[in-house]
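These protein sequence lines are chains G, W, X and C, in that order.
Anchor point for the first sequence: position 137 equals 136 in numbering that gives the first Met the number 0, and the numbering is continuous, going up by one each time.
Anchor point for the second sequence: position 589 equals 588 in numbering that gives the first Met the number 0, and the numbering is continuous, going up by one each time.
Anchor point for the third sequence: position 82 equals 81 in numbering that gives the first Met the number 0, and the numbering is continuous, going up by one each time.
Anchor point for the fourth sequence: position 30 equals 29 in numbering that gives the first Met the number 0, and the numbering is continuous, going up by one each time.
All residues carry an ideal CB built from backbone N, CA and C; glycine is no exception.
Accompanying notes for the structure given below.
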Amino acid sequence: MLFFAQIVAMFVTLLVLLGIAGFLVFAERRVLGLLQNRLGPNRLGPLGVGQALADALKLLCKEDFVPPFASGLLYRTAPILVAFSALAGFAVLPLAPGISWAGDWEIGLLLILALSSLHVYGVFLGGWSSNNKFALYGAIRAVAQLISYELPMGLALLALVLLAGSLALQGLGAAGQPVPLIVYQPLGFLIFFIAGIAETQRLPFDLAEAESELVAGYHTEYGGMRFGYFFLGEYLGLVLIAALISLLYLGAWSGPWLPGWLWMLLKTGFVIGIFFWLRASLPRPRYDQLLHWGWNALLPLAILNLLLTAIAAALWGTL
Amino acid sequence: MCKKGIVPTRCAMAEVFYLDGEAIPFRAGQNVLEAVLAHRQESSIPYFCFHPAMGSLGACRQCGVMVYPHDGKHPPRLTMACLLPASRDLQLGRAEAKVQHEHQLISELLMRNHPHDCPICDEGGQCHLQNMTVASGHAYREYEPEKRRYQSQELGPLIRQEMNRCITCYRCVRFYQDLAGGEDFGVFGSRDRVFFGRLEDGPLESPLAGNLAEVCPTGVFTDKVYHQDYLRPWDLEESAGICPHCSIGCNTRPGAARGRLRRVRQRSHGEINPHFLCDRGRYGFRYVAAEDRPRQAQAGGRRQDVDSVLDRLAARLAEGRSAFLGSPREDLDSNLALFALARVLDAPFAAFFEPWEEAKAREILALPHPPAPARISAYAEILVIGAVDRVAPTLPLFLRAAHDRGAAISLLRCLPSPLTALAGEDRLLPPADLLDAAWDWLGQRHHRPFLLLIDSESVGPELLHLLRREIGTWPDGSGILPVYRQGNLPGASFYAVDGHASRLRTALAGHDYDHLLALGQDPQEMDGPWWRSHGDIDLSLIDHRRSLSWDDAWLTLPCAALSERPGLYYNGEGRLQAAAVAYTPAREERHWRSELGPFPLAAGGALREELLPSPVELCRALAERLGLSERWQERLRFHRDFLLRSEPRPGDPGVFLPAELRARFRLHSAPPPRATDQGWSVCRFSHYSEEELANGARELHSLAPASAAWIAPGQQEARQVRLRAADGTSRTLPLRELPDMAAKVLAIPRAELVFLGLRPGDGVDPEWLD
Amino acid sequence: MSSPTSTAESVPTTLLSRLQQVVEHAGSHPEAAVCDLLRILQAEHGWIDDERLQLVARLCGISPVRVEELCTFYPLVLREDPGRHVLRICDSIACHLAGAPGLLRMAVAQSGVPLGQSNGHYSVLPHVCLGLCERAPAAFVDGKNTVAPLSAEALRQLLQGWERES
Amino acid sequence: MRLWHGLLASLWTTLRQLRRRDTLQYPEQQPKLGERWRGRPILTRDPDGEERCVACELCSAVCPTHCIALEGADRPNGRRFAQSFRINFARCIYCGLCEEACPTVAIQLSPEFAFAKTERGDFVYHKEALLIDGTGKHPEYRYYDHAGVRTQALPEPRNCDPRSNLP
């Protein structure tokens, strides 16, 4: 019975997550509008909320078209892989102490890092199987970008793990009580934040789908709900990274008056808002500049950060 | 020819002078402007009053160039290019600021009284003044007085005058008086009141008046007929055409747009029509838009679709009791197609319905290569027989040029003629006496080559026969140029003049043949009495004009007009020329909502072609229905290949009927001379605008006088005259006096002559009525 | 060419025969007589109307257009009825400086019609140089006499005289 | 340092826009269009109420999309007018060259810009739909005042008459 209830609850969680992703698309457009003197979509429903539903419906109703030149199986699986890897990460993400599907897994952080790497497989397979030069370029960019930013990200987290002495997400969250870890790790936070944007291929680092150069990048040939999966994956990844940032650096569920899970949600929302803000403000860098920063700036900084943390930990001990 | 930019000294061919450093070759006697115009299409020197046919006047002062003297002592000076003889190594400047300023000033002066009405002016888009003003850079007027204003005249249905636009270049009056010999148009007044026009309103009398629209460098004289269907010239599609309205075969440039033929302009052919086109050629094209032009096939006077009419016609032809009649005004291929059909059916075929006309065609074919019209002016002695100016109105231009060069022109005529002023010898004779007079003229000793210009409509075959028999004894270079109103007489009659007409008549008069299929000809319009006495013959017509028998004919098939199909025409000198399709008749249409009217073509709408079949297509369809398609094609190809050794394309100068093909017609015996009595005789009266096709051109035909019998003044007090045909029918015609015509001659329009079965020169017994 | 109008009633036979004599005098070039004919006809009638134009054309064997070209070109041939008298006041440069414009204005004011038009009795025309520059302003009366210099008073009296005459 | 400055400056710039809104809620709020707005071309009349168009065909000649088609005719008083005048707005790109080419200021671009049809053929506007009862941007202009041609035959004393007695 409990098992059955859990299945239902998981299903509900999934639906909620998908709903959040859909809502975020709308929310992003509204926020961008606000930041750019515009209004954004405001016609459907109160404040235009219905737009999210309309978009989803539209995507669902579109023809499921596989280009004749694409390699079918990979082409079909790639978007699912993307959506899956993003969704699976939420299994280990704690909303508050004890609120998480996978419980307090010791290797929760590792799992999330692994899943986020898996995400790029979907992207790459999609670009590869499309048999389209723009898609392939986009996919190659995504892979190279991921490799370049995975390293500083890992190193930044390593410093955190060093401080907290735990790989478990709940443990890491607990380490941020009462003082958020950003206080100890400002540099690490910055590195993780930047790498996180790159990881999720958000603007300004969305070079894998830079429409001015690559039409639509890796999902050039996709349409309908398959494209929708990519979209879902992207926005769920965004939520995941934002949640991780708030969990790891911003003190997770700590906060006065309100219950912890709400604090967690609020902080995640805040980080997502910052992501939107960045998107509205910053232009896209050149691809070589992106890699240059990743390897020549972010990676040495991350190593430096780890070194400093290690020294500090050796001198004053861990948390 | 030197190419532009190549160092001129390398060019040994021609002598050159230099304009802005560019070498320009010239021939001796050319002036600078002529040489520049001959060198390239667009002159870099602006000009107005100069015209290649009229030469230089130096009146407009527009064509100034800077002349640099060779001696180095004198300063350079500004000279009019049209008055400056081209000489070797002359150094001229055009592109320099001073000259350009001068051009600008002259433009400004010329525009001083010119209205700003280009938008409502028909000349806009093809206006020499517009082009030159833009080219000279004059854009803004600094002096804006009130402009001079005239009362324009109403100059008839063809030409419109808007005198306010005049820049007094005098081109019109130079053309009209000096070249065309017109007497009813002149230049009045002096100073800035100079007025070009007639004494009072009224249509211009010269048959060349239409050229004023082309001669005028701006919009004083514009084409009224074009104005009815006006579309800017840049929207017109122009093609290479051949005028089908007389034997000269002038080259034309029809302009069409949106499925309508809108105007015809002249296209220069150095041998035929170097500069000008007559009004029949210019305005005769409107027959394609005649209100009564047949567009529906009929059987027994009732409308039927083409296929069922063709079915019935084919069934009738299969009976083997049909004869065929071609037409000298139809193009070569149409005639050959019908001829080939007649041959495969083994049926009688003729190009003429009248043996008399056929004999004349035979004599025309038998003539040795006649000179080209433009060569007329090179002859020193010319004998003109008949009213050539009425038949081929451009000929007086060449005769006038010959006269100006000192040629002796003799004129034998029975009708008044504008050539009287040019003729040294001018004899007014009844038509029957023309032969004797011509014989007398030949009897005078002529040492230089001479030319006989014969209006073959007013003479009989015997005159042509006797005269051309003598050619061998004439000085080398002498020749006969016959003129007539059929556009393709040699081409139509080549296979059909060995007594074919007589045989056709005999066949139809007997019991074996009771059906005649006629293309572009109506036997009733060829010989009235004969046709009336053979009323039991069924007639099928293929034509693009509503001829006399159209509504009574057994079957009628409308076909495409000459300008709606390509064609080959042999002109009077035996020159084969090709005409391109001038236009495809069409109606604008749109598909989605008919009540909103046609969808604009320019906006992506469609034209629905309203095609009528060409005679060749009709013949092919008949051959297919008869199951003779292959044999017909074979025949057609055989006759065609024999006649067309080389086939010209539209725009080509043309190829000649080979001499050996003409030679076979020389062996004929003399046609029997007609008995002449000393009483009244008839001659053919015609107006320049008259021609079977051009009669359908409403605007042009409105100038033709009403049908009447014309006699010399003071011969009869009667008001009317009644003439009887051999079969007893009669015609009563109003009697009109015509000054300066032969005595004891009744001049009668062709339709009446045919109705009565009379030929020019026949004696008549007129019955005078009050 | 418009149809020739009958001139039998307007031109007396004596005059016609005189004109024919002039034409005969021109010999083989009758058109050379056209100026003389116009001069004679204008002296007799005061101006050249359409009938006389046609008559001249017929006598000289040229088209009326040619005659009209000539008539309208020369200022001394009048194609409109000028009234009984014609006063031509020279307005070329010497006379202009000596006051011809004032005289012309005066004449217009007195006759009551614009220059070149007749008030029924007479008309006043400006004219190109009369060759009397030394006695400017000069005038030419009725195509016969010259008055030079023409004072304003003389002009007034002249015109008044003509008006009284009628 | 410049990089950071640039990043922060751009973030600040976008943040400052939070309060401003340039978007109009279009169908409810109507935009205020400028005088020289290039919307749908119209045909105007002169101050006397006569059609200004004289069918010179310059607009159709200059139109880069060939969307204008017209044919002229003469009125009984000799004035030229457009017998038919059609513009296919499915093709028109509102470049305004026709207005610039028009010598009689007949064709003018109006501020009307929003028109949608369900059928392509309905975009073809005929003269009745194009002609307005007004003078448009040039209220005083009459082409015939400037043309220098009287199309009506008015014998005036000022007309040049070569037969006049004046020298």
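(request) Return the CA-CA distance between Leu-2(C) and Gln-200(G), expressed in angstroms with no decimal places. (result) For this step, residue 2(C) is matched to residue 3 along the fourth sequence. For this step, residue 200(G) is matched to residue 201 along the first sequence. Taking the straight line joining both Cα atoms gives about 21 angstroms.
(request) State the start and end residues of the unbroken beta strand (DSSP E) segment that holds Ala-577(W). (result) Position 578 of the second sequence, counted from the first residue, corresponds to residue 577(W). 574-578 is the span of the beta strand (DSSP E), which, as asked, contains Ala-577(W).
(request) Would you mind working out which of Ser-115(G), Ala-301(G), Ala-215(G) sits nearest Phe-133(G), comparing C-alpha positions? (result) Along the first sequence, read from residue 1 onward, the residue named residue 133(G) stands at position 134. Checked all of Ser-115(G), Ala-301(G), Ala-215(G); the closest Cα to Phe-133(G) is Ala-215(G).
(request) Quick one: list the residues of chain X neighbouring Ser-189(W), beta-carbon separation under 9 angstroms, in chain order. (result) Residue numbering aside, residue 189(W) sits at position 190 when the second sequence is read from its first letter. Here the neighbours are Thr-71, Phe-72, Tyr-73, Pro-74.
(request) Closer than 7 angstroms, Cβ to Cβ, to anything on chain C: give me those residues from the segment 7-40 of chain G, in chain order. (result) Leu-33, Leu-34, Gln-35, Asn-36, Arg-37, Leu-38
(request) At 8 angstroms on the CB atoms, spell out the chain C contacts of Glu-79(X), in chain order. (result) As a working note, residue 79(X) is residue 80 in the third sequence. Near Glu-79(X) (Cβ distances below 8 angstroms), the residues of chain C are Arg-162, Ser-163, Asn-164.
(request) Under 8 angstroms by Cβ, that's how I've got Leu-198(W) and Ala-179(W) pegged, so tell me the actual separation to the nearest angstrom. (result) One-based indexing of the second sequence puts residue 198(W) at position 199. One-based indexing of the second sequence puts residue 179(W) at position 180. Rounded, the Cβ-Cβ distance is 17 angstroms, inconsistent with contact.
(request) Compute the Euclidean distance between the alpha carbons of Gly-185(W) and Glu-68(X), then round it to the nearest angstrom. (result) As a position in the second sequence, residue 185(W) is number 186, starting the count at 1. As a position in the third sequence, residue 68(X) is number 69, starting the count at 1. Cα to Cα, Gly-185(W) sits roughly 7 angstroms from Glu-68(X).
(request) Alpha carbon to alpha carbon, how far is Asp-769(W) from Asp-732(W)? Give it in angstroms, no decimals. (result) By 1-based counting over the second sequence, the position of residue 732(W) is 733. By 1-based counting over the second sequence, the position of residue 769(W) is 770. The sequence given here has Leu at residue 732(W), not Asp. The straight-line gap from Cα to Cα measures roughly 11 angstroms.
(request) Between the Cα of Leu-162(G) and those of Gly-316(G), Gln-5(G), Ala-4(G), spot the shortest distance and give me the residue it belongs to. (result) Start at 1 with the first residue of the first sequence, and residue 162(G) comes out as number 163. Comparing Cα-Cα distances from Leu-162(G) to each of Gly-316(G), Gln-5(G), Ala-4(G), the minimum goes to Gly-316(G).
(message) I want to verify the contact list: residues of chain C whose CB lies under 7 angstroms from the CB of Tyr-229(W), in sequence order.
(response) Start at 1 with the first residue of the second sequence, and residue 229(W) comes out as number 230. Those are Gly-71, listed as they occur along chain C.
(request) Please check if any C-beta of chain X sits within less than 8 angstroms of the C-beta of Val-104(C). (result) Taking the fourth sequence and counting its residues from 1, the one referred to as residue 104(C) is at position 105. No, because no Cβ of chain X sits closer than 8 angstroms to the Cβ of Val-104(C).
(request) Would you mind sorting Ala-20(G) into buried or exposed? The rule is 16 or more other CB atoms within 10 Å of its CB. (result) By 1-based counting over the first sequence, the position of residue 20(G) is 21. Its Cβ being crowded by 16 or more others within 10 Å, Ala-20(G) is buried.
(message) For chain W, check one thing: does any of its Cβ atoms lie closer than 8 angstroms to the Cβ of His-137(C)?
(response) As a working mapping, residue 137(C) is identified with position 138 in the fourth sequence. No, no contact with chain W.
(message) Does Ser-109(C) come out as helix, strand or coil in the three-state DSSP assignment?
(response) Taking the fourth sequence and counting its residues from 1, one reaches residue 109(C) at position 110. Residue state, collapsed to three classes: coil.
(request) Pull up the distance between the alpha-carbon of Asp-191(W) and that of Ala-31(X), whole angstroms please. (result) Taking the first residue of the second sequence as 1, we reach residue 191(W) at position 192. Taking the first residue of the third sequence as 1, we reach residue 31(X) at position 32. About 27 angstroms.
(message) Looking at the secondary structure, which residues open and close the beta strand (DSSP E) in which His-126(X) lies?
(response) As a working mapping, residue 126(X) is identified with position 127 in the third sequence. 121-126 is the extent of the beta strand (DSSP E) around His-126(X).
(message) Could you compute how far the alpha carbon of Ala-669(W) sits from the alpha carbon of Ala-365(W)?
(response) As a working note, residue 669(W) is residue 670 in the second sequence. As a working note, residue 365(W) is residue 366 in the second sequence. Taking the straight line joining both Cα atoms gives about 12 angstroms.
(message) DSSP three-state label for Ile-271(W), please.
(response) Within the second sequence, the letter at position 272 stands for residue 271(W). Coil.
(request) Return no unless some Cβ of chain C is closer than 8 angstroms to the Cβ of His-126(X). (result) Here residue 126(X) corresponds to residue number 127 of the third sequence, with the count starting at 1. For His-126(X), the answer is yes, since a Cβ of chain C falls inside 8 angstroms of its Cβ.
(request) Indicate whether at least one CB of chain W lies closer than 8 angstroms to the CB of Gln-109(X). (result) Residue numbering aside, residue 109(X) sits at position 110 when the third sequence is read from its first letter. Answer no: the Cβ-Cβ gap between Gln-109(X) and chain W never drops below 8 angstroms.
(request) Kindly indicate if chain X contains any beta-carbon less than 8 angstroms away from that of Phe-174(W). (result) Counting from 1 along the second sequence, the entry for residue 174(W) is found at position 175. Phe-174(W) does not count as touching chain X.
(request) Using a Cβ cut-off of 7 angstroms, pull out every chain G residue sitting near Gln-29(C), in sequence order please. (result) Walking along the fourth sequence from the start, residue 29(C) turns up at place 30. Going along chain G, no residue has its Cβ under 7 angstroms from Gln-29(C), so there is no contact; the nearest lies around 16 angstroms.
(request) Classify Phe-655(W) as helix, strand or coil using the three-state DSSP reduction. (result) Here residue 655(W) refers to the residue found at position 656 when the second sequence is read from its first residue. Strand.
(request) Can you have a look at Ser-645(W) and say buried or exposed, based on whether 16 or more other CB atoms are within 10 angstroms of its CB? (result) In the second sequence, the residue the question calls residue 645(W) occupies position 646. So Ser-645(W) counts as exposed.
(request) Please name the residues in the segment 674-700 of chain W whose beta-carbon is closer than 8 angstroms to at least one beta-carbon of chain C, in chain order. (result) none
(message) Can you pull the chain C neighbours of Gly-115(X), defined as C-beta to C-beta under 8 angstroms?
(response) Against the third sequence, residue 115(X) aligns to sequence position 116. Here the neighbours are Ser-163, Asn-164, Leu-165.
(message) In whole angstroms, give me the CA-to-CA distance for Gln-288(G) and Ser-165(G).
(response) Taking the first sequence and counting its residues from 1, the one referred to as residue 288(G) is at position 289. Taking the first sequence and counting its residues from 1, the one referred to as residue 165(G) is at position 166. Cα-Cα distance, rounded: 34 angstroms.
(message) Can you check which of these residues, Ala-135(X), Leu-131(X), Leu-158(X), Gly-119(X), is closest to Gly-45(X) by C-alpha distance?
(response) Counting from 1 along the third sequence, the entry for residue 45(X) is found at position 46. Measuring from the Cα of Gly-45(X), the nearest candidate turns out to be Gly-119(X).
(request) Give me the Cα-Cα distance between Pro-258(G) and Ser-245(G), rounded to the nearest whole angstrom. (result) By one-based count along the first sequence, residue 258(G) stands at place 259. By one-based count along the first sequence, residue 245(G) stands at place 246. Approximately 15 angstroms, taken between the alpha carbons.
(request) List the endpoints of the continuous beta strand (DSSP E) containing Pro-354(W). (result) For this step, residue 354(W) is matched to residue 355 along the second sequence. Note, Pro-354(W): premise wrong, no beta strand (DSSP E); alpha helix (DSSP H) at 354-365.
(request) Would you kindly check if the distance between the Cβ of Gly-115(X) and the Cβ of Asn-164(C) is under 8 angstroms? (result) By 1-based counting over the fourth sequence, the position of residue 164(C) is 165. By 1-based counting over the third sequence, the position of residue 115(X) is 116. Yes; because the gap between Cβ atoms is below 8 angstroms, this pair is in contact.
(message) Helix, strand or coil, according to DSSP, for Phe-89(G) in the structure here?
(response) In the first sequence, counting from the first residue as 1, residue 89(G) sits at position 90. DSSP places Phe-89(G) in coil when its eight states are reduced to three.
(request) Whole angstroms is fine: what's the gap from Arg-261(W)'s alpha carbon to Pro-253(W)'s? (result) Numbered from its first residue, the second sequence carries residue 261(W) at position 262. Numbered from its first residue, the second sequence carries residue 253(W) at position 254. Their backbone Cα atoms lie some 8 angstroms apart in a straight line.
(message) Once DSSP output is grouped into helix, strand and coil, what is the label at Leu-768(W)?
(response) For this step, residue 768(W) is matched to residue 769 along the second sequence. Three-state result, Leu-768(W): strand.
(request) Inspect the CB distances between the segment 109-125 of chain W and the segment 647-663 of chain W and report whether three or more fall short of 8 angstroms. (result) no
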